[in-house]
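Encoded as structure tokens, the structure appears first; notes follow it.
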Amino acid sequence: MSAHTRPSLEALIALARDAGREIMAVRDAGAAAHRKDDGSPVTEADQRAEALILAGLARLAPGAPVLAEEAYAAGHRPDLSAGPHFFCVDALDGTKDFLAEGDGGSFTVNIAWIEAGRPVVGVVYAPALGDLFAGAEGQGALRGAFDARTGAERAALSPIRVANRAAPPWRIAASRRHGDADTAAFIKALGQTKEVRVSSSIKFCLTAAGEIDVYPRFGTISEWDAAAGHAVLAAAGGVMNRLTGEPVAYGRAARDFLIDGFVATGGAAAEAETRRILAAMR
């Protein structure tokens, strides 16, 4: 396929599952972390999973640009001069969860394909949980479950859709590790809410699956943290907008590929209510 041809959802699902198996192999062997220049942790699992994904994407789409977290941290910036058509990869989102004791953890593998600044294909796989979410523009979104160690299918991929709830109480995604005054004020303004505490890009996916109605993020986030989950959400009928109301765009090299906050919603009523609140907060 050419660099600007949309990849198949099946190919990205297979690649995400391979990366998940690699991550669990490192975890089972005992993982240690060191600090990157920005102070965030990185492990052998981040590096091995990203190397596996980059090799797979090079076979799948020779010459296609790739924005990948660890490669970018090492100074490798994708050439988007031909336009914002590229892969966006976070091989291990939720490193702190990955390093936590126990066999669980909602850390994820994230692979997305961006066209004209929009995430149109995405896969999010949580290998410790087994949950896999995938979506593509025009094809809808899917959820299944696969054992990362054995490859066994626990639940077949089946369609998911946002809840499209008409009225409160709104189920709102709240981070297990992050909180701020703006988020607290936003949640208070929503009125009747039920907080669902979850980490990593799983928040997008549970919104796509109808288990969450609103996912607000007032802090800065990197494009690779959001792209795959955004693609799944959009394929399931959800919306993700900047805090100012415009759609989130990807490939913004001049902004160091950062997103300055957003709200993801799973239905028209929730979107309308969040727009009203954000306008009042500005």
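Numbered continuously in our numbering, the sequence shown closes out at residue 284. Heads up, the beta-carbon is just placed ideally off N, CA and C, and yes, glycines get one too.
Counted within 10 angstroms of its Cβ, other Cβ atoms place residue i as buried (16 or more) or exposed
i      : result
Ser203 : buried
Asp20  : buried
Ala154 : exposed
Met242 : buried
Glu273 : buried
Ala5   : Residue confidence for Ala5 is low, a pLDDT of 47 falling below 50, so the modelled location carries little weight; the figure read from the coordinates is stated next. Classification for Ala5: exposed.
Met3   : With a pLDDT of 42 at Met3, under the threshold of 50, the predicted position of this residue should be treated as unreliable, and no value is reported.
Ser83  : exposed
Ala256 : exposed
Gly247 : exposed
Asp133 : buried
Ala187 : exposed
Arg23  : buried
Met283 : exposed
Asp95  : buried
Ala281 : exposed
Asp290 : Only positions 3 to 284 of the chain appear in the structure, and residue 290 is not among them; the question remains open.
Ala136 : buried
For residue i, the nearest candidate out of the options (CA to CA)
i      : options                        : result
Ala236 : Pro249, Trp226, Phe188         : Pro249
Thr8   : Val111, Arg50, Ala176, Val122  : A small correction: the amino acid at residue 8 is Arg; Thr does not occupy that position in the sequence shown. Nearest of Val111, Arg50, Ala176, Val122 to Arg8, Cα basis: Val122.
Phe259 : Thr185, His36, Glu273, Phe88   : Phe88
Leu245 : Ala266, Gly239, Arg254         : Ala266
Ile223 : Ser42, Lys190, Gly263, Ser10   : Gly263
Asp81  : Gly119, Ala66, Trp226, Gly268  : Ala66
Val200 : Asp149, Ala128, Glu139, Ala118 : Ala128
Ala138 : Gly231, Ala31, Ser42, Gly247   : Gly231
Ala63  : Ser10, His36, Ala75, Ala187    : Ser10
Pro170 : Arg50, Leu101, Asp215, Ala143  : Asp215
Gln49  : Ala73, Ser42, Arg61            : Ala73
Val198 : Ala176, Thr185, Lys190, Ile189 : Ala176
Asp92  : Ala102, Ala31, Val68           : Val68
Ile189 : Glu275, Ser42, Leu54, Gly32    : Glu275
Gly32  : Leu101, Ala53, Leu54           : Leu101
Proximity of residue i and residue j at Cβ, strictly below 8 Å
i      : j      : result
Ala97  : Val44  : Note that residue 97 corresponds to Thr in the displayed sequence, not to Ala. Yes, the pair counts as a contact, with Cβ atoms nearer than the cut-off.
Ala228 : Ile261 : yes
Ile15  : Val125 : yes
Leu159 : Gly146 : yes
Ala70  : Leu56  : yes
Trp172 : Gln141 : no
Gly107 : Ile162 : no
Gly119 : Ala251 : yes
Ala13  : Ala114 : no
Leu192 : Ile279 : yes
Ala271 : Ala168 : yes
Gly77  : Leu17  : no
Asp289 : Phe206 : Only positions 3 to 284 of the chain appear in the structure, and residue 289 is not among them; the question remains open.
Met26  : Arg156 : no
Gly253 : Val164 : no
According to DSSP, residues forming a beta bridge with residue i
i      : result
Thr195 : Trp172
Val241 : Thr267
Leu101 : Partner(s): none; Leu101 has no beta bridge.
Pro9   : Partner(s): none; Pro9 has no beta bridge.
Ile261 : Ile223
Run through the region 198–223 for me and flag every whole beta strand (DSSP E) of 3 or more residues, listed as ranges in chain order. 216–219
Which full runs of the beta strand (DSSP E) of 3+ residues lie inside the region 106–171, going along the chain? With a minimum length of 3 residues, the continuous beta strand (DSSP E) runs that stay inside the region 106–171 are 110–117, 120–128, 133–138, 142–148, 155–162.
Which ranges does the beta strand (DSSP E) cover as unbroken runs of at least 3 residues, wholly within the region 24–94, from first to last along the chain? 35–37, 43–45, 68–70
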